[in-house]
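Asks: In the working numbering, the protein residues as written are 1 to 190.
In this text, a Cβ means the ideal position worked out from N, Cα and C, and glycines have one as well.
No experiment lies behind these values; they were computed from the predicted model shown.
Okay, here's the structure, questions in a sec.
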């Protein structure tokens, strides 16, 4: 199968610090790939380079033409005083038809949360909402940056099962980053 993204000899520099050097990577449709490493090892920087939110300093990065990416960030900084419910959050930055929002919430396992305030959600609920938001683009590639950070082990296992279900139903590839080797490897192809 043709790769969705290929990086060859990829390097990323922040200021004078070389964060990544000489990275080779590819992911094909339908795969679940996990990048595991300690905090501060450049995992999140690699994801940001792959999606184009930070520049690469060397190497080549090739994305499939028309590639749609769904991205679940490591954290979402929310002002707790912001009166924003889940349904309105899904409408940012553009209005989403109700049927699409309902479908994404169902796929992410959080269909009963549409009217809840974001500030009232638990960590696990917020992660599922972020997954629903990422699914709205009908992605070829779903990227999860430490998506289970702050979840207990049963919560993380449930979340990873949800990711497997999404891969099966949508046929998308999944690229995950984690520092928790044991839970993640059971959910990964490589």
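Suppose the cutoff is 8 angstroms on Cβ atoms and the five residues either side in sequence are ignored; what does the same chain contact list for residue 136 look like?
Replies: Correct list, in chain order: 70, 90, 96, 100, 101, 104.
Asks: In this structure, does DSSP put residue 39 in helix, strand or coil?
Replies: In the structure shown, residue 39 sits in coil (DSSP, three-state: anything other than H, G, I, E or B).
Asks: For the segment 122-180, which segments carrying the beta strand (DSSP E) assignment without a break, of at least 3 residues, lie completely within its bounds, in sequence order?
Replies: List check, beta strand (DSSP E) in window: 141-145, 173-178.
Asks: Of all the options 67, 133, 188, 144, which has the alpha carbon lying nearest to the alpha carbon of residue 93?
Replies: Comparing Cα positions, the closest option is 133.
Asks: Is it true that the segment 73-92 meets the segment 106-119, where meeting means three or more beta-carbon pairs spaced less than 8 angstroms apart?
Replies: Output reads yes: the segment 106-119 touches the segment 73-92.
Asks: Is the CB-CB distance between residue 49 and residue 25 below 7 angstroms?
Replies: Contact: no.
Asks: Is it true that the CB of residue 126 sits closer than 7 angstroms to the CB of residue 72?
Replies: In this structure, residue 126 does not lie closer than 7 angstroms to residue 72 by Cβ.
Asks: Here's the rule: buried if 16 or more other CB atoms are within 10 angstroms of the residue's CB, otherwise exposed. What is residue 193?
Replies: This structure does not reach residue 193, given that the chain is present from 1 up to 190, and the question cannot be answered.
Asks: In the DSSP assignment, find the unbroken alpha helix (DSSP H) run with residue 99 in it and report its ends.
Replies: Residue 99 -> alpha helix (DSSP H) spans 98-107.
Asks: Locate the beta strand (DSSP E) running through residue 63, then write down its first and last residues.
Replies: Run containing residue 63: 58-63, per the beta strand (DSSP E) assignment.
Asks: If you drop the 5 nearest sequence neighbours on each side, which residues of the same chain put their C-beta closer than 8 angstroms to that of residue 172?
Replies: Here the set comprises 29, 30, 70, 139, 140, 141, 142, 166.
Asks: Contact check, residue 45 vs residue 4 under 8 angstroms by CB: the rounded distance?
Replies: Not quite, the Cβ-Cβ distance comes to about 19 angstroms (not below 8 angstroms), so this is no contact.
Asks: The beta strand (DSSP E) that contains residue 90, what's its start and end?
Replies: Counting along the chain, residue 90 falls outside any beta strand (DSSP E), though it belongs to the alpha helix (DSSP H) covering 86-90.
Asks: Taking 6 angstroms as the limit between beta carbons, can you name the residues of its chain near residue 148, skipping five residues before and five after?
Replies: Result list for residue 148: 156, 159, in chain order.
Asks: What is the C-beta distance between residue 176 and residue 34, in whole angstroms, given that I count them as a contact (C-beta under 8 angstroms)?
Replies: Indeed, because the Cβ distance is near 5 angstroms, the residues count as touching under 8 angstroms.
Asks: Grouping DSSP H, G and I as helix and E and B as strand, with all else coil, what is residue 187?
Replies: Residue 187: coil per DSSP, three-state reduction.
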